[in-house]
Amino acid sequence: DALEADHGMLFIHDRTEPQAYWMKNTKIALDILYFDEQRRLVAQQRDVPPCSAGNACPPYPSNKPARYVLELNAGQAEQLKLQDGTELRFGPGIPTLP
């Protein structure tokens, strides 16, 4: 199982604040990327393993305020050479929030 190549899941939060994601019932390893209000990469959790332990699955926090969270196939952040400060650019159909 995997996300399609060059695909991911984007989560847009109402507020910019520290976020934490977990892998409960997730079947594939992911890179979890946290972006601030200006869509700059502020934190990364790479190669996060799947978890089948239910509510005992650990959180993977941003440790910095984030508004956008992007999940990619594990290893894709490294392949793309993403570094803190990288800008998240939106394509058609994804609104830019105020």
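Under the numbering used here, residues 5 to 102 are what the sequence shown spells out, in order. Beta carbons: idealized from backbone N, C-alpha and C, even for Gly.
- In this structure, the beta-carbon distance from D35 to A78 falls below 8 Å.
- Annotation: A24 is outside any alpha helix (DSSP H); the continuous beta strand (DSSP E) that includes it extends over 12-26.
- Nearest to L14 by alpha-carbon distance, out of E91, A81, L74, Q23, is L74.
- CA-CA distance, R43 to L84, rounds to 17 Å.
- Distance check between R71 and each of A33, K31, R19 places R19 closest, using alpha-carbon atoms only.
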